[in-house]
Amino acid sequence: HFVEDEYLLVVNAANRQKDWEHLQSFLKDFDDVEMTDRTKEIAMLALQGPMSRDLMGEIIQSGPPPEPMRNAVSVVTISGAKVLVARTGYTGEPVCFELFASGEDGLMLWDQLVARGATPIGLGARDTLRLEAGLPLYGHELGEDHEGNEIPMMACPQVKFGVSFSPLKGEFVGRAALARQFEALGRIIARDYSMIADLPRLIWSIAVAGRGIAREGAKVFKDGTHVGYVTSGTMIPMWAVEGQGLASTQGDQRELRPICLAYIDSDIIEDEKVTIDIRGKAVDGVVVPFHMRSDAPPYARPIVFDHKLEAEELPTGDTPTNVRRLLEKTVENTRWRQRECINLIPSEMTISPMARLVSVMDPAFRYAEHRKLEAFYEADIFYYQGTKFISEVERLLDEEMRKFLGCEEVEMRLISGQMANTAVFSAMVDYINRADRKREPRRIRQVMNNHIGKGGHLSAQPMGALKDFVAHDPRTERPAVVNFPVLADNPHNIDVSVTLELIDEYRPELIIFGKSMVLHKEPVAEICQFLDAQGIDAVVMYDMAHVLGLIGPHFQRPFAEGADLVTGSTHKTFFGTQRGVVGSRFQEHEERYELWKALYRRSFPGSVSNHHLGTLLGLLIAAYEMNHFKDEYQPRVIANAKAFARAMKDYGLDVAGDPTIDFTETHQVVVNVGYGHGPEIASRLEANNIICNYQASPDEEGFTASGSLRMGVSEMTRFGMGEDGFRDLALLIHDVVMNKANVADQIKALRERFSELQFCFRGNEYADVMEKLHQLLREAR
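First residue of the sequence shown? That's 1 in the numbering used here, and the numbers climb one at a time after it.
The structure is reproduced here in structure tokens:
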């Protein structure tokens with residue numbers, strides 16, 4: 001809906017009067033509902049397909065377009081006319097809009113779109129599209145079947161997403177019947193057919209494997225037994241696809257394939273073979289889950305049932321030959337990435353020779369599980385012998401990380417940033433249910449985070465590590481997550497004023513700061529001050545994986561600003577091996593210390609058994625390096641990022657962010673290279689030894705439609721590259737992106753200037769001990 005408590009129903013045109021009368025028959029029971037038929041007042045146009053986003057951008061005068069997600073809506077102005085816009089459609093296209101305007105403005109909208117290249121299509125084309133997408137049509141997949149029986153609603157795969165049984169919905173018309181169908185569907189999916197009488201047949205997609213076109217009404221057989229009817233079918237056009245995976249593109253050749261939808265017995269499952277009676281001839285068919293996928297925008301992508309990926313041939317040979325080849329390829333890859341490439345992936349960092357060396361010493365082969373027991377006054381009890389050295393290493397690492405983070409407690413046994421976040425979410429559920437260990441644990445009632453499309457990290461999403469720990473909102477029946485709103489003129493930055501309103505409305509139990517595409521500081525202090533003033537009891541967590549190595553006066557001091565917990569990985573801007581960390585401000589006398597104790601339990605034995613002692617030892621060296629060199633390293637990273645962004649902007653590239661602060665406050669720089677062109681440009685840069693990653697911007701539908709590049713300066717800063725070097729690099733990137741130039745040799749030459757790792761311990765002071773470690777490795781042969 002576009003207005004609170006007001007809904008716009010778009011019904012089947014042929015059934016408009018029937019639907020009207022059906023709904024009217026119930027209105028007498030509701031005093032506060034008014035229904036108006038505005039069919040003759042409102043014009044509706046469906047703009048569908050990969051170019052529709054750009055067309056909408058051209059014609060909108062004012063007002064925000066809908067968010068780049070299905071069913072999002074907004075109100076815009078086009079040529080002075082008010083237009084309601086929804087990201088909806090009946091074609092299966094992942095990029096789609098439906099426009100609603102007054103009848104007198106309908107022709108104007110049509111003319112505007114056609115003038116800019118939109119192609120008018122008829123109902124025939126619309127029907128092939130909806131068939132390919134598996135969308136039901138009244139009189140075919142909805143209504144009565146070919147034997148005169150009503151098709152149960154749950155027979156259509158999409159219906160289960162559109163029907164709610166939330167207690168908040170009450171006893172609506174048809175609830176009991178739908179609930180029974182839904183229960184039957186759940187059992188059928190589990191191949192339990194005890195309720196098949198409530199859902200005797202289901203709508204399935206069938207790929208026609210033989211010659212012939214399956215038409216509506218054609219009988220479907222399995223092993224000679226009649227099992228149902230084709231409900232819709234025809235020959236579908238599609239573009240031939242060249243290449244595979246993300247590099248696949250639509251070719252110039254058009255192909256045809258016969259497909260259909262069928263209403264068939266519910267005990268038939270995916271991949272089963274059937275036959276279709278086509279004009280008296282038995283034609284083979286295969287039951288398939290779908291004919292098309294819409295989850296890789298901007299294109300709807302046909303799925304051909306017998307298509308096989310071309311398997312990349314692996315090298316052959318005997319085992320000694322394969323071992324030698326692997327070693328040679330390892331040398332080749334290491335030389336390429338370490339000596340010939342400019343490495344700009346923001347989540348990567350080369351560790352120092354010293355950290356690298358100690359990481360493969362004896363602790364890498366050992367176990368040292370341990371936990372504190374109250375029976376021994378919280379003494380740390382180790383389950384293995386031979387652990388005195390690594391026990392000391394872990395305690396020293398804890399101390400260094402407490403010093404660096406500025407916190408009371410740290411947990412260093414977690415081996416990734418994602419695991420650290422998962423452990424926090426698990427600990428939250430443990431803490432919430434601390435008074436009742438008998439009943440089913442309650443999940444986190446409400447969470448606030450950065451949406452993945454606005455730069456949020458995967459691990460903080462309901463589709464990621466948060467999935468099993470956040471409750472479902474009974475109003476939406478979706479995970480109870482509200483996202484930070486962003487500024488209209490800078491979607492990379494949180495809108496604090498609107499955020500405070502949402503916090504007051506939703507009262508989240510957990511607020512998660514932090515992003516994987518991060519250009520700005522997070523408003524930790526402002527949010528924490530508001531929570532305190534309003535008496536809102538929320539745990540504030542800052543996932544600082546990307547910016548962990550920048551903690552301090554040059555960026556942010558999260559605990560000084562009020563954060564309760566900091567999580568992160570130790571290998572992005574931090575100097576470490578690839579591990580995770582959780583830090584906490586809670587002290588033993590505080591009630592919330594129980595949350596920290598839960599985190600300790602959910603780390604071990606909840607998340608890890610052996611906690612990878614080799615990288616733990618390497619991380620201690622890295623922590624020493626960070627605490628010793630951070631005052632020089634951190635400001636240089638931020639200065640380099642700003643200089644890099646300014647230079648790319650000066651050379652004509654479209655740099656994202658706020659130009660008044662030189663586009664970034666972190667190690668990251670984001671460059672927009674054109675909708676959907678991110679993967680192609682990133683590959684072009686890789687061919688020129690510039691390693692970065694493509695990134696979906698906040699107004700794009702997903703990573704396959706990425707139109708941006710995400711770059712980080714931290715690793716090359718550590719190799720000594722300064723502002724002049726990054727300006728030189730910016731020009732070369734411009735030449736590759738804008739002119740398709742080949743600059744591989746220039747990049748190799750540039751890299752030769754920055755080949756020695758900085759901000760680490762080296763020199764004669766440690767040469768004798770390093771030689772002893774190398775000697776131990778040599779003796780291990």
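Built from N, CA and C at the ideal position, the CB exists for glycine as well.
Exercise. Per the contact definition of three or more C-beta pairs closer than 8 Å, is the region 693–712 in contact with the region 548–559?
Worked result: no
Exercise. How is R782 classed by DSSP in three states: helix, strand or coil?
Worked result: Only positions 1 to 781 of the chain appear in the structure, and residue 782 is not among them; the question remains open.
Exercise. Roughly how many angstroms lie between the CA atoms of R130 and D271, to the nearest whole one?
Worked result: 22 Å
For this session: Give the straight-line distance between the Cα atoms of P289 and K222, rounded to the nearest whole angstrom.
Result: 17 Å
Problem set entry | CB of E332 within 8 Å of CB of G583, strictly | no
Exercise. Are the beta-carbon atoms belonging to E132 and I236 less than 8 Å from one another?
Worked result: yes
Problem set entry | Proximity winner among G186, T225, P320, relative to K273 (alpha-carbon distances) | T225
Problem set entry | Cβ-based burial, H1 [other Cβ within 10 Å; buried from 16] | exposed
Problem set entry | Where H628 sits in the DSSP three-state scheme | helix
Exercise. Are at least three pairs of beta-carbons, each pair with one atom in the region 706–726 and one in the region 637–650, less than 8 Å apart?
Worked result: yes
Problem set entry | Assumed close pair M799, G117 - CB separation to whole angstroms, cut-off 8 Å | Outside the displayed span of the chain (1 to 781) sits residue 799, for which this structure offers no information.
Exercise. Is the number of C-beta pairs between the region 19–38 and the region 80–92 that are closer than 8 Å three or more?
Worked result: no
For this session: Kindly give me the distance between the Cβ atoms of F513 and E522, rounded to whole angstroms, as I take these residues to be in contact under 8 Å.
Result: 4 Å
Exercise. Under the three-state reduction of DSSP, which class applies to Y138: helix, strand or coil?
Worked result: strand
Problem set entry | Where Q338 sits in the DSSP three-state scheme | helix
Problem set entry | Other residues of its chain near D613: CB distance less than 7 Å, five sequence neighbours each side excluded | Before going further, note that residue 613 is Leu rather than Asp in the sequence given. So the qualifying residues of the chain are P363, A364, R366, A368, I390.
For this session: Run the CB neighbour count on I503, radius 10 Å, all protein chains shown included, and call it buried at 16 or more, exposed below.
Result: buried
Exercise. Looking only at DSSP bridge pairs, what is V796 linked to?
Worked result: Nothing about residue 796 can be reported from this structure: the residues present for the chain run from 1 to 781 only.
For this session: Tell me Y694's beta-bridge partners as DSSP assigns them.
Result: L709
Problem set entry | Residues that DSSP places opposite V230 in a beta bridge | A262
For this session: Count the other C-beta atoms from every protein chain shown that fall within 10 angstroms of the C-beta of M35, then say buried if there are 16 or more, exposed otherwise.
Result: exposed
Exercise. How close, in whole Å, do the beta carbons of M428 and I444 come, if the pair is a contact with beta carbons under 8 Å?
Worked result: 5 Å
Exercise. Helix, strand or coil: how does DSSP classify S607 here?
Worked result: coil
Exercise. CA-CA distance, A623 and M354?
Worked result: 12 Å
Exercise. Taking one C-beta from the region 323–341 and one from the region 581–598 each time, how about it: are there three or more such pairs within less than 8 Å?
Worked result: no
For this session: Go to A209, then tell me how far its beta strand (DSSP E) extends in each direction, as first and last residue.
Result: Run containing A209: none; DSSP gives neither H nor E here.
For this session: Note down the Cα distance separating E779 from T330, rounded to an integer number of angstroms.
Result: 22 Å
For this session: Rounded to whole angstroms, what's the CA-CA distance from S294 to L45? Just pull it up for me.
Result: 21 Å
Problem set entry | Entirely enclosed beta strand (DSSP E) segments - the region 693–781, minimum 3 residues | 693–695, 708–712
Exercise. How close, in whole Å, do the beta carbons of A109 and V83 come, if the pair is a contact with beta carbons under 8 Å?
Worked result: According to the sequence as given, residue 109 is Leu; it is not Ala. Correct: roughly 7 Å between the Cβ atoms.
For this session: Within its chain, find whatever has a CB closer than 7 Å to the CB of A480; leave out the 5 residues flanking it on each side and keep chain order.
Result: R445, Q446, V447, V470, A471, H472, D473
Problem set entry | Proximity of Q758 and G720 at Cβ, strictly below 8 Å | yes
Exercise. Measuring CA to CA, which of P298, Y263, I269, W239 is closest to E255?
Worked result: W239
For this session: Check the C-beta distance from G657 over to L519 and give it rounded, since I have them as a contact under 8 Å.
Result: 5 Å
Exercise. Near L202, what residues of its chain come up, given a Cβ to Cβ distance below 6 Å and the 5 sequence neighbours on each side ignored?
Worked result: A155, S266
Problem set entry | Alpha carbon of L548 to alpha carbon of G580, nearest angstrom | 11 Å
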